[in-house]
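Inspection log for the structure reproduced underneath, given as structure tokens.
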Amino acid sequence: MRICIVGAGVSGIAAVKACLDEGLEPMAFERSSDLGGLWRYTDLVDGKACVMRTTMMNTSKEMSAFSDFPPPAEYSNFLHNSRVFEYIQAYAERFNLRSSIRFGTEIVKVRKTSSDPDKWLVAFRPAVGVGNEPGEEQCETFDAVWVCTGHHAIPNLPAYPGADSFPGEVLHSHSCRDPLSEKFLDKTVLVIGAGNSAGDAVVELSHRARVVYWSTRRGTWVSNRVVDHGWPKDLVLARRYQMWLIRLIGLRYFRRQLEKSLQSRLDHDLYGLRPAHSPLQQHTFVNDELPNRLAAGLVKVRPDVARIDNRCVTFVDGSNVDGVDVIVYGTGYRIDFPFLDSEQFSVSGNETRFYKHVFHPSVPSGSLAFIGFVQPLGATIPIAEAQSRWAARVAKGSCQLPPAQDMIEDAQQRRRAVAARFVRSARHTIQVDWIPYMDELAAEIGCRPPLLRLLLTDPALFRAVVFEPCTPYQFRLVGPGAWPGARAAILGQMDRIRLGMRGGLSGGFCSEVEHGSDGFLSNSSLLVTAAVATAAVAASLWLLKRTGAFSNLIDYHI
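For the sequence shown, the numbering used here assigns the number 7 to the initial residue and increments by one for each residue that follows.
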């Protein structure tokens with residue numbers, strides 16, 4: 007079975023690997039001259055997604071790993087984009103993925119064949135600007151098409167009154183490749199938007215610019231990568247027992263505690279950043295350096311832009327800034343698929359309406375899949391990989407999709423849930439919670455970690471799976487695609503994390519008795535949380551028994 011994969015970024019190479027694992031025949035088409043997608047940094051502004059020169063991952067290396075390819079132990083816990091690209095390249099080499107990728111090739115049109123509605127006709131041609139000679143359009147037939155182009159490809163540029171009168175430089179964060187460039191030296195810069203790209207541009211530009219004004223429509227909550235004792239925050243929060251606790255005590259209480267934590271680090275009221283909504287109702291901006299730049303007066307927060315008159319920008323509260331040299335729009339991206347039928351597959355307001363964020367209900371066979379079109383509260387790479395594994399099982403016929411109407415209802419239910427929880431914004435339409443969504447995909451694949459079985463047969467592994475970070479290796483323990491090295495990867499993850507903290511130098515780790523098993527919880531706190539988590543498990547089992555699901559517990563993964 008031939009699978010056409012559009013794009014060879016992180017999602018694309020995960021898709022190629024999943025196809026090869028299932029005995030399928032993938033062919034990925036990549037416009038650029040190399041794989042890596044937005045993690046392949048280049049100075050060239052060519053319309054393709056790309057990180058800034060200074061970008062670092064917001065999620066830690068173990069949480070961001072491919073599930074059967076742990077990053078080198080000596081890597082730091084938060085990787086610079088060059089390290090991420092190095093890791094992606096190593097993954098592709100390890101599994102011989104390059105032979106299934108056509109570089110310098112762009113997809114022009116994808117449509118169903120007239121002779122067989124279950125097959126797809128894919129038109130492609132040499133991409134411009136990567137050393138190719140102009141070439142003729144070619145067509146090939148495939149059994150399925152997977153779209154892996156990502157949701158950071160097409161910049162969203164809002165229109166402000168008078169914007170055309172601005173004589174300075176205007177760019178989107180998509181094109182702001184090197185914020186430390188001399189061209190920003192001593193300039194007055196306005197950055198519009200409050201997402202991670204906008205916030206990162208604000209902080210990095212403040213190292214060169216005279217002053218950076220940060221315009222946000224509704225404010226934002228600011229988080230950081232590390233917490234007490236220097237531990238990566240995602241490693242502390244992304245644990246199964248904590249997910250159970252949140253379910254028991256309620257999201258509202260957790261929001262209040264999180265808000266107190268964020269306020270203790272940075273007074274959002276004092277600096278004009280506090281939004282009307284609570285944390286977890288938006289995608290929190292992650293940056294460790296912003297408080298220092300605000301305190302130094304190098305970054306100044308302003309409300310939304312009302313109008314632009316030449317170099318003078320007026321805000322909705324009536325204040326203004328004169329002498330603006332550069333305007334950077336960090337206003338997000340639009341999801342669009344120009345190579346697909348615009349009527350059948352159009353996206354309005356960034357609402358994709360896919361079944362479980364992967365399959366389009368209008369193609370009930372599952373021969374059209376979309377990989378990586380989610381915005382998780384956590385790492386993206388493992389999710390794209392899990393989506394690919396599921397899509398490969400569907401293409402092979404090992405997994406079946408429900409009727410089209412059921413898929414439509416699932417997509418509608420997800421839209422309602424997102425609307426009820428998050429503030430209305432184009433960037434929140436594809437939000438998912440990391441552990442629940444990974445478990446959901448794992449259920450479709452058949453690879454959820456069997457918690458009760460582990461408790462009875464492998465207590466050490468059970469403890470790691472439940473009380474330590476929920477790393478992607480958990481989803482290679484059992485089922486299709488099980489990896490023999492998964493258990494060792496899980497049991498060794500805390501040592502690899504500590505090694506990353508010490509810059510790759512072994513030895514000198516704090517004892518568990520002194521600082522808790524992960525350097526974040528004290529020994530007594532660990533006992534308390536373990537007791538509470540055990541109560542959570544007991545309560546869950548009681549609920550299962552009351553609802554009649556206890557008989558299926560061996561296969562239930564809580």
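Even glycine gets a Cβ: it sits at the ideal position worked out from N, Cα and C.
*In the DSSP assignment, what residue or residues form a beta bridge with Y361?*
By DSSP's assignment, Y361 forms a beta bridge with F365.
_Rounded separation between R482 and F91 - CA only_ = The straight-line gap from Cα to Cα measures roughly 23 Å.
_Let me check one thing: in DSSP terms, what residues is D439 bridge-paired to?_
As computed with DSSP, D439 is found in a beta bridge with L383.
*asked:* Less than 7 Å between C-beta atoms, sequence neighbours within five positions excluded: which residues of the same chain meet that for G141?
replied: Closer than 7 Å at the Cβ level, and outside the excluded window around G141, lie R131, P132.
*Give me the Cα-Cα distance between G303 and A165, rounded to the nearest whole angstrom.*
So the alpha carbons of these two residues sit roughly 28 Å apart.
*Inter-residue spacing [alpha-carbon to alpha-carbon] between P281 and T226*: C-alpha separation (whole angstroms): 6 Å.
*Quick one: is E175 buried, meaning 16 or more other Cβ sit within 10 Å of its Cβ, or exposed?*
Classification for E175: exposed.
*What does DSSP give as the partner residues of H86 in its beta bridges?*
H86 pairs with M62.
*asked:* Quick check on the DSSP output: what are the complete alpha helix (DSSP H) runs of length 4 or more inside the region 115–200, in order along the chain?
replied: Considered as a whole, the region 115–200 harbours no complete run of any alpha helix (DSSP H) with no fewer than 4 residues.
_Tell me whether D74, by its Cβ, gets closer than 6 Å to a heavy atom of the ligand FAD._
Because no ligand of any kind appears in the structure shown, any question about the ligand FAD cannot be addressed here.
*Taking only the alpha-carbon atoms, compute the straight-line gap between R246 and F473 and give it to the nearest angstrom.*
Taking the straight line from one Cα to the other gives about 7 Å.
*Where N64 and G498 are concerned, what is the direct C-alpha to C-alpha distance, given to the nearest angstrom?*
Spanning the two alpha carbons is a distance of roughly 22 Å.
_If you measure between the beta carbons of L85 and V22, is that distance less than 7 Å?_
No, Cβ-Cβ distance for L85 and V22 is not below 7 Å.
_Expected contact under 8 Å - CB spacing of Y335 and I198 to nearest Å_ = Their Cβ separation, rounded to whole angstroms, is 5 Å, which keeps Y335 and I198 in contact under 8 Å.
*If you count every other CB in all the chains shown that lies within 10 Å of the CB of L276, and 16 or more means buried, which is it?*
So L276 ends up on the exposed side.
*the region 150–166 / the region 10–17 touching (three or more Cβ pairs under 8 Å)*: Yes: at least three Cβ pairs fall under 8 Å.
*Which whole-angstrom value describes the C-beta separation of P185 and R214, a residue pair presumed to lie in contact below a C-beta threshold of 8 Å?*
Going by Cβ atoms, the distance from P185 to R214 rounds to 7 Å, so yes, they are a contact pair.
*Near S66, which residues of its chain fall below 7 Å by C-beta distance, leaving aside the five closest residues on each side in sequence?*
Cβ neighbours of S66 beyond the five flanking positions: N83, F84, P238, D240, L241.
*asked:* With H, G and I counted as helix, E and B as strand and the rest as coil, what does DSSP make of D524?
replied: Reliability fails at D524, whose pLDDT of 43 lies under 50, so the model's placement of it is uncertain and the value that follows must be treated cautiously. Here D524 sits in coil by DSSP.
*Alpha carbon to alpha carbon, what distance is there between V424 and E446?*
Each residue's alpha carbon lies about 17 Å from the other.
*Figure out for me which residue from G53, V330, C25, A79 has the closest Cα to the Cα of G510.*
Residue A79 is the option with its Cα nearest to G510.
*Among K306, V484, V114, which has the Cα closest to the Cα of T194?*
When each option's Cα is compared against that of T194, the closest is K306.
*asked:* Can you check which of these residues, D27, T358, V353, K402, is closest to S373 by C-alpha distance?
replied: If we check each option's Cα against that of S373, K402 comes out closest.
*Look at A200 and C182 and say whether their C-beta atoms are less than 7 Å apart.*
Contact flag unset, no.
*Extent of the continuous beta strand (DSSP E) to which C318 belongs*: Residues 318–321.
*Give the straight-line distance between the Cα atoms of R469 and F75, rounded to the nearest whole angstrom.*
Between R469 and F75, the C-alpha separation is close to 22 Å.
*Distance CB(L44)-CB(A34) smaller than 7 Å*: In this structure, L44 keeps its C-beta atom at 7 Å or more from the C-beta atom of A34.
*Once you ignore the five residues that flank I496 on each side, which residues in its own chain have a CB closer than 6 Å to its CB?*
The residues are A470, Y479.
*How many whole angstroms separate the CB atoms of I377 and A397, which I take to be in contact at a CB cut-off of 8 Å?*
About 7 Å separates the beta carbons of I377 and A397, which is inside the 8 Å limit, making them a contact pair.
*Quick one: what does DSSP say E36 is sitting in, helix, strand or coil?*
Look at E36 here: in three-state DSSP terms it is strand.
*Mapping DSSP to helix, strand and coil, what is V12?*
In this structure, V12 counts as strand in the three-state DSSP scheme.
*Using only alpha-carbon positions, find the residue among P409, Q437, V218, P455 that is nearest to A488.*
Looking at the Cα atoms, P455 is the closest of the given residues.
*Three-state secondary structure (DSSP) at I333?*
Judged by DSSP in its simplified three-state form, I333 adopts strand.
*asked:* In whole angstroms, give me the CA-to-CA distance for L407 and G452.
replied: Between L407 and G452, the alpha-carbon positions lie close to 14 Å from each other.
*Cβ-based neighbour list, H178, same chain, cut-off 7 Å, excluding 5 preceding and 5 following*: So the list reads P161, L163, Y335, once near-sequence residues are dropped.
*For my contact list, R299 and V209 are in at a C-beta cut-off of 8 Å; report their separation, rounded to the angstrom.*
Right, the Cβ-Cβ distance comes to about 6 Å (below 8 Å), so this counts as a contact.
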